[in-house]
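Each residue of the sequence shown is one higher than the one before, counting from 1 in this note's numbering.
Below: the structure, in structure tokens.
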Amino acid sequence: METTDNTRRDLRERTRDTLERLGRERDVWVCTAHPDRGPHQVPLWFWWDGHALWLCTGEATATARNLRTDPRVRLALPDTFDVVQLRGTADCYPAQEVPEEGAAGFAAKFGWDPRVGEGSFIHVRVSPETVLAWRGEAELTGRVLMRKGAWLG
1 METTDNTRRD LRERTRDTLE RLGRERDVWV CTAHPDRGPH QVPLWFWWDG HALWLCTGEA
61 TATARNLRTD PRVRLALPDT FDVVQLRGTA DCYPAQEVPE EGAAGFAAKF GWDPRVGEGS
121 FIHVRVSPET VLAWRGEAEL TGRVLMRKGA WLG
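What follows is the structure, given as structure tokens:
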């Protein structure tokens, strides 16, 4: 979503817009880190279940390896004006152990079920602990929407 509307939104509007985008958008930038190799960033598909983001990646990817070492993760929706950033902790699930709700929701959104077919994938559930959102400079103040896992306001 790309917008150039520079009207300052209040906390309630900003939260509503953020939740709407989480329900609609397809891609999220995923940032992980390895203690020896440093930061790693990739775009992945995601499904928002209303509380957490569900992602999927190859079992042997740098993202999967990094999350097994350090489950802290930062996410960002792909719009540099209408910014949504999330910080949270990832839970990784091999295909045989993924909760049905997460796997089914992801598969329904994308028409692809990583549990079926070729390749070894893991599902990743990210529970946001912090959410920030702003549109342009006018919204930099008050951009925190969630703190310590609780929505503000």
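Just so you know, even glycine gets a beta-carbon here, dropped at the ideal spot from N, CA and C.
In this structure, the CA atom of Val84 is about 24 Å from the CA atom of Ala103. A direct Cα-to-Cα measurement between Pro35 and Leu75 gives close to 19 Å. When the beta-carbon positions are compared, Val30 and Val42 come within less than 7 Å of each other.
Residue state for Leu55 is assigned as strand, using DSSP reduced to three classes. Between Trp47 and Lys109, the C-beta spacing is below 7 Å. Looking only at Thr32, Asp82, Thr15, Val98, the smallest Cα-Cα distance to Trp54 is reached by Val98.
Counting of Cβ neighbours within 10 angstroms places Asp70 among the exposed residues, the total staying below 16. Beyond the five residues adjoining it in sequence on each side, Ala90 comes within less than 6 Å, by CB distance, of Leu67, Pro71, Val73, Val124, Val126 in the same chain, given in chain order. In the structure shown, Glu97 falls within a coil segment according to DSSP collapsed to helix, strand and coil. Around the beta carbon of Asp82, 16 or more other beta carbons sit within 10 angstroms, so the residue counts as buried.
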